[in-house]
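Trainee: Numbering-wise (numbering that gives the first Met the number 0), the sequence shown opens with residue 0 and increments by one.
There's a structure below that I have some questions on.
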Amino acid sequence: MKTYIQNGHVITVPTPAGGIASGAGLIVGNIFGIAAYSAAEGDPLELATTGVYKLPKASAAVLTVGARVAWDNIAKVVTTPAAGRFPIGIATEAAGNAITSVAVRLDGVATAAS
């Protein structure tokens, strides 16, 4: 196909201010992904936009298998959808109160909920 570029599972974006650590969640515009490696500000960064990842979770959030989840871009954790949070995918495991991580299947998009 002449117009095909890539499958989009991993895309290259500029690293944000302050740099990023490998495995950290990142929002660039309306794209949410996981940093494939650590990178300094402004460097090209490969961002995984699909797949299942173990991510930090808001301790008080209670998630069930299949629950829609959102990214709190201030606390940098997965939590329940609400105003100002960015929907990123679906929990693939249950994670109750006091649990600090959860497996999430990424959608690749992050649009702030209003």
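Virtual Cβ for every residue (Gly too), placed ideally from N, Cα, C.
Three-state secondary structure (DSSP) at residue 84?
Mentor: Reduced to three states, the DSSP call for residue 84 is coil.
Trainee: Please report how far the alpha carbon of residue 98 lies from the alpha carbon of residue 2, in whole angstroms.
Mentor: Answer to the nearest angstrom: the Cα atoms are 45 Å apart.
Trainee: How big is the Cα-Cα spacing for residue 40 and residue 12?
Mentor: Roughly 11 Å separates the two Cα atoms.
Trainee: Please state whether DSSP places residue 78 in a helix, a strand or coil.
Mentor: Three-state result, residue 78: strand.
Trainee: Among 77, 10 and 27, which one has its Cα closest to the Cα of residue 95?
Mentor: That would be 77, whose Cα lies nearest to the Cα of residue 95.
Trainee: Quick check on the burial criterion: 16 or more other C-beta atoms within 10 angstroms. Buried or exposed for residue 71?
Mentor: By the neighbour-count rule (16 or more Cβ atoms within 10 Å), residue 71 is buried.
Trainee: Is it a yes or a no for the region 18-33 touching the region 48-55, going by three-plus beta-carbon pairs under 8 Å?
Mentor: Enough Cβ pairs lie closer than 8 Å, so yes.
Trainee: Have a look at the DSSP bridge pairing and note the partners of residue 36.
Mentor: BP columns for residue 36 are empty, so no partner.
Trainee: Thinking C-beta only, is residue 88 closer than 8 Å to residue 32?
Mentor: No, Cβ-Cβ distance for residue 32 and residue 88 is not below 8 Å.
Trainee: Let's test the definition: count the other Cβ atoms within 10 Å of the Cβ of residue 67 and tell me whether it reaches 16, buried, or not, exposed.
Mentor: Result: exposed.
Trainee: Considering Cα atoms alone, identify which of 17, 16, 26 and 47 is closest to residue 6.
Mentor: Nearest C-alpha to residue 6: 47.
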